[in-house]
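Colleague:
There are 2 protein chains.
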Amino acid sequence: MEELIHNPDSRFKETSRSLEILEVVSRLFYENGYGLVGMRLIADTVGVRAATLYHHFNGKDDMLFQIALGVTQTFVERLLPILEEAEGSRADRLKAFVRQHIIFRWQRRYWISTTLRDLRALPAIQQAEVVGYLRHYQDTLRDFIQAGMAEGEFSAPDSTLAGFALIGMIHGINDWFSPSGTLTIEAVADLYADMAVDKLLSAVN
Amino acid sequence: MEELIHNPDSRFKETSRSLEILEVVSRLFYENGYGLVGMRLIADTVGVRAATLYHHFNGKDDMLFQIALGVTQTFVERLLPILEEAEGSRADRLKAFVRQHIIFRWQRRYWISTTLRDLRALPAIQQAEVVGYLRHYQDTLRDFIQAGMAEGEFSAPDSTLAGFALIGMIHGINDWFSPSGTLTIEAVADLYADMAVDKLLSAVN
DNA sequence: GTCTATAGAACGATAGAC
DNA sequence: GTCTATCGTTCTATAGAC
Numbered sequence: 008m009e010e011l012i013h014n015p016d017s018r019f020k021e022t023s024r025s026l027e028i029l030e031v032v033s034r035l036f037y038e039n040g041y042g043l044v045g046m047r048l049i050a051d052t053v054g055v056r057a058a059t060l061y062h063h064f065n066g067k068d069d070m071l072f073q074i075a076l077g078v079t080q081t082f083v084e085r086l087l088p089i090l091e092e093a094e095g096s097r098a099d100r101l102k103a104f105v106r107q108h109i110i111f112r113w114q115r116r117y118w119i120s121t122t123l124r125d126l127r128a129l130p131a132i133q134q135a136e137v138v139g140y141l142r143h144y145q146d147t148l149r150d151f152i153q154a155g156m157a158e159g160e161f162s163a164p165d166s167t168l169a170g171f172a173l174i175g176m177i178h179g180i181n182d183w184f185s186p187s188g189t190l191t192i193e194a195v196a197d198l199y200a201d202m203a204v205d206k207l208l209s210a211v212n
Numbered sequence: 008m009e010e011l012i013h014n015p016d017s018r019f020k021e022t023s024r025s026l027e028i029l030e031v032v033s034r035l036f037y038e039n040g041y042g043l044v045g046m047r048l049i050a051d052t053v054g055v056r057a058a059t060l061y062h063h064f065n066g067k068d069d070m071l072f073q074i075a076l077g078v079t080q081t082f083v084e085r086l087l088p089i090l091e092e093a094e095g096s097r098a099d100r101l102k103a104f105v106r107q108h109i110i111f112r113w114q115r116r117y118w119i120s121t122t123l124r125d126l127r128a129l130p131a132i133q134q135a136e137v138v139g140y141l142r143h144y145q146d147t148l149r150d151f152i153q154a155g156m157a158e159g160e161f162s163a164p165d166s167t168l169a170g171f172a173l174i175g176m177i178h179g180i181n182d183w184f185s186p187s188g189t190l191t192i193e194a195v196a197d198l199y200a201d202m203a204v205d206k207l208l209s210a211v212n
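Top to bottom, those sequences are chains A and B.
For the first sequence, this note's numbering assigns the number 8 to the initial residue and increments by one for each residue that follows.
For the second sequence, this note's numbering assigns the number 8 to the initial residue and increments by one for each residue that follows.
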């Protein structure tokens with residue numbers, strides 16, 4: 008298994024030990040599910056005693072919240088701007104976004120899967136903060152597709168549904184992709200970007 | 008919340024009390040996650056004492072296994088045949104399958120989400136039995152798309168990737184759909200079937 | 001920052017009566 | 001088929017030493 012890129016979110020820059028722990032925790036949550044992972048298992052895997060974890064985090068749910076908020080904020084701050092800042096036509100920019108989105112999701116799959124799967128275990132106010140970023144992402148993509156439809160570059164029966172269809176395609180990849188298969192994640196990203204823009208949203212036919 | 012259709016799987020036909028309990032359990036697992044749902048919470052929600060549950064099931068993991076196997080078997084037995092038995096062209100049959108697939112997934116969303124999210128909590132041999140049905144589903148859809156490409160009715164850069172893209176679109180719906188929105192699940196099913204067949208897999212452009 | 005020790009509650013599961 | 005009672009374990013979290 009390749010190394011996962013460390014989260015460069017500035018919230019962690021002065022406490023890299025916390026980030027190291029969260030890398031371990033996110034993988035344990037991913038593999039076992041939040042509710043089945045105990046503080047003792049986390050401590051054993053990190054290589055400390057359980058009590059030590061409470062020096063770095065307020066509790067198990069605080070770990071989950073930092074994982075969910077960290078990866079969601081980072082996604083919105085680093086990936087969404089591609090839609091406006093990439094080179095070329097609207098179709099070109101959407102393809103660039105889809106490609107980077109897929110690669111990001113694979114690199115951060117432990118954080119992302121944990122977020123989407125176990126978010127409901129958090130208190131409502133913390134859920135709402137994360138969901139706010141997710142909704143902003145959905146809305147931004149819908150508006151981008153809507154604008155492309157108005158300009159005649161995209162075609163879809165409904166911009167909201169087309170946005171969700173595209174998101175669904177992308178989100179499903181981590182459920183089946185394996186780096187030991189015939190395609191790299193970069194190759195999958197390229198083919199999906201083509202399917203999404205040249206087929207699903209095509210205005211040609 | 009509307010009533011969910013009862014699972015007609017014959018495994019439950021002589022013990023409908025078990026099925027009633029699993030309807031409650033699947034919703035608790037869906038809302039809280041398998042690991043965070045205790046036998047006492049299940050018993051309280053069903054309206055019995057915790058010990059009573061062990062008359063119907065071997066344990067909590069047995070409940071999860073019956074949910075996962077039941078809904079997966081039922082899907083394969085009832086939905087996959089639509090691909091061959093529906094009326095019309097290959098494109099027509101795929102549209103019918105997509106529509107029924109989406110409606111089925113919404114009706115059985117507690118069972119299905121629990122299955123896909125918490126399957127890894129089961130012993131490996133039980134996981135494998137469920138995964139066998141899921142792989143059969145993926146393979147059948149891939150072969151159907153492949154055949155349609157050979158006949159010139161479908162077009163895609165890769166039949167396996169196109170199959171996963173379609174599955175991803177469909178599976179994502181339950182993450183955002185709400186019956187209180189502007190579209191019914193049947194309307195979403197129709198629009199997605201059109202997007203999948205006339206756009207994503209279109210051979211026209 | 002990490003440790004030992006432990007509190008207090010909740011966990012899955014079982015025995016045996018009715 | 002459901003109950004009462006309970007066993008032994010594990011859980012999250014804290015207090016306080018180093």
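No residue lacks a Cβ here, since even glycine has one placed at the ideal position from N, Cα and C.
Which residue from B:Ala58, B:Phe72, B:Val55 puts its Cα closest to that of Tyr41 of chain B?
Modeller: Ranking B:Ala58, B:Phe72, B:Val55 by Cα distance to Tyr41 of chain B puts B:Phe72 first.
Colleague: Can you pull out the residues from the stretch 141 to 166 of chain A whose beta carbon lies closer than 9 Å to at least one beta carbon of chain B?
Modeller: Listed by position along the chain: Gln145, Ser162, Ala163, Pro164, Asp165.
Colleague: Flag Phe171 of chain A as yes if its beta-carbon sits less than 8 Å from any beta-carbon of chain B, otherwise no.
Modeller: Cβ-Cβ to chain B under 8 Å: yes for Phe171 of chain A.
Colleague: Give a yes or no on whether 8 Å exceeds the smallest Cβ distance from Lys67 of chain A to chain B.
Modeller: For Lys67 of chain A, the answer is no, since every Cβ of chain B falls outside 8 Å of its Cβ.
Colleague: For the putative contact between Lys206 of chain B and Leu207 of chain A, defined by C-beta atoms under 8 Å, what is the C-beta separation to the nearest angstrom?
Modeller: Confirmed, Cβ separation roughly 5 Å.
Colleague: If you compare alpha carbons, which of A:Arg56, A:Tyr199, A:Arg34, A:Leu141 is closest to Met176 of chain B?
Modeller: Out of A:Arg56, A:Tyr199, A:Arg34, A:Leu141, A:Tyr199 has the C-alpha closest to the C-alpha of Met176 of chain B.
Colleague: May I ask which residues mark the beginning and end of the alpha helix (DSSP H) holding Tyr41 of chain B?
Modeller: Taken as a continuous stretch (DSSP letters only), Tyr41 of chain B belongs to no alpha helix (DSSP H), as it is neither H nor E.
Colleague: Counting only Cβ pairs nearer than 8 Å, list the residues of chain A close to Val195 of chain B.
Modeller: Here the neighbours are Leu168.
Colleague: Just to confirm my understanding: we take Val31 of chain B, look at its own chain, exclude 5 residues before and 5 after, and list those with CB closer than 6 Å. What are they?
Modeller: The residues are Thr52, Val53.
Colleague: Counting only the same chain and skipping the five closest in sequence on each side, list residues whose C-beta sits under 8 Å from that of Arg56 of chain B.
Modeller: Same-chain partners within the cutoff: Ala50.
Colleague: Compare the beta carbon distance of Leu35 of chain B and Leu48 of chain B with 8 Å and say whether it is the shorter of the two.
Modeller: Cβ atoms of Leu35 of chain B and Leu48 of chain B: closer than 8 Å.
Colleague: For Ser67 of chain B, I'd like the list of residues in its chain whose CB is within less than 7 Å of its CB, leaving aside the five on either flank, ordered along the chain.
Modeller: A quick correction: the sequence has Lys, not Ser, at residue 67 of chain B. Once the five neighbours on either side are set aside, the close Cβ partners of Lys67 of chain B are Met46.
Colleague: Tell me the DSSP secondary structure of Glu27 of chain B in three-state form.
Modeller: Note: Glu27 of chain B maps to helix in three-state DSSP.
Colleague: Tell me the DSSP bridge mates of Ser209 of chain B?
Modeller: DSSP output for Ser209 of chain B lists B:Phe161 as bridge partner(s).
Colleague: Would Glu91 of chain A pass as a contact of Arg127 of chain B if the rule is Cβ separation under 8 Å?
Modeller: No, these two residues do not count as a Cβ contact at 8 Å.
Colleague: Using CA coordinates, which residue listed in B:Arg116, B:Gly139, B:Ile132 is at the minimum distance from His178 of chain B?
Modeller: For the residues B:Arg116, B:Gly139, B:Ile132, the minimum Cα distance to His178 of chain B belongs to B:Arg116.
Colleague: Taking only beta carbons into account, state which residues of the stretch 177 to 188 of chain B come closer than 9 Å to chain A, listed in chain order.
Modeller: Per Cβ criterion, the list reads Ile177, His178, Gly179, Ile180, Asp182, Trp183, Phe184.
Colleague: Using alpha carbons as the reference points, say which of B:Ala169, B:Ser185, B:Leu26 lies closest to His63 of chain B.
Modeller: Here the closest residue by C-alpha is B:Leu26.
Colleague: Helix, strand or coil for Leu86 of chain A per DSSP?
Modeller: Coil.
Colleague: Under 8 Å: do the stretch 147 to 162 of chain B and the stretch 179 to 190 of chain B share three or more Cβ pairs, one atom per stretch?
Modeller: In short, these stretches do not touch, since the Cβ pair count stays below three.
Colleague: Tell me, to the nearest whole angstrom, how far the beta carbon of Val83 of chain B is from that of Ala203 of chain B; I am working on the premise that it is less than 8 Å.
Modeller: About 20 Å; that fails the 8 Å criterion.
Colleague: Give me the residue from A:Ile132, A:Asp197, A:Gln80, A:Tyr144 with the minimum Cα distance to Leu168 of chain B.
Modeller: Among A:Ile132, A:Asp197, A:Gln80, A:Tyr144, the Cα nearest to that of Leu168 of chain B belongs to A:Asp197.
Colleague: Output needed for Thr147 of chain B: all residues of its chain with C-beta closer than 8 Å, excluding positions within five of it in sequence on either side, in chain order.
Modeller: Within the same chain, Thr147 of chain B has close Cβ partners Leu87, Leu90.
Colleague: Who are the near neighbours of Asn181 of chain B in its chain, counting only those whose CB is closer than 7 Å to its CB and skipping five residues on each side?
Modeller: Arg112, Trp113, Arg116, Ser120, listed in sequence order.
Colleague: Would a check of beta-carbon distances place Arg199 of chain B closer than 8 Å to chain A?
Modeller: According to the sequence provided, residue 199 of chain B is Tyr. The question's Arg does not apply to it. Chain A, which has a Cβ nearer than 8 Å to the Cβ of Tyr199 of chain B, makes this yes.
Colleague: Could you name the residues of the stretch 115 to 131 of chain A whose beta carbon sits closer than 9 Å to any beta carbon of chain B, in the order they occur along the chain?
Modeller: Here the close residues are Leu123, Arg124, Asp125, Arg127, Ala128.
Colleague: Can you give the Cα-Cα distance for Val211 of chain A and Pro164 of chain A, rounded to whole angstroms?
Modeller: Looking at the two C-alpha atoms, the distance is approximately 14 Å.
Colleague: Consider the Cβ of Gly139 of chain B: report whether some Cβ of chain A lies at a distance smaller than 8 Å.
Modeller: Closer than 8 Å: no.
Colleague: Once DSSP output is grouped into helix, strand and coil, what is the label at Ser166 of chain A?
Modeller: Helix at Ser166 of chain A.
Colleague: Please return the same chain residues whose Cβ sits closer than 7 Å to the Cβ of Met156 of chain B, not counting the five positions on each side in sequence.
Modeller: Result list for Met156 of chain B: Ser162, Ala163, Ser166, in chain order.
Colleague: What first and last residue would you give for the alpha helix (DSSP H) that runs through Ala128 of chain A?
Modeller: Careful: Ala128 of chain A lies outside any alpha helix (DSSP H) and carries neither H nor E.
Colleague: In angstroms, rounded to a whole number, what distance separates the CA positions of Asn65 of chain B and Thr81 of chain B?
Modeller: Distance between the alpha carbons of Asn65 of chain B and Thr81 of chain B: 22 Å.
Colleague: Could you name the residues of chain A that Lys206 of chain B contacts, counting a contact when the two beta carbons are closer than 7 Å?
Modeller: Near Lys206 of chain B (Cβ distances below 7 Å), the residues of chain A are Lys206, Leu207, Ser209.
Colleague: If we call anything under 8 Å between Cβ atoms a contact, is Phe1 of chain B one with Trp183 of chain A?
Modeller: Because chain B here runs from 8 to 212, residue 1 of chain B falls outside it and cannot be looked at.
Colleague: Between the alpha carbons of Glu193 of chain A and Leu60 of chain B, how many angstroms are there, rounded?
Modeller: The straight-line gap from Cα to Cα measures roughly 49 Å.
Colleague: The alpha helix (DSSP H) spanning Val105 of chain B covers which residue range?
Modeller: Taken as a continuous stretch (DSSP letters only), the alpha helix (DSSP H) holding Val105 of chain B covers 97 to 114.
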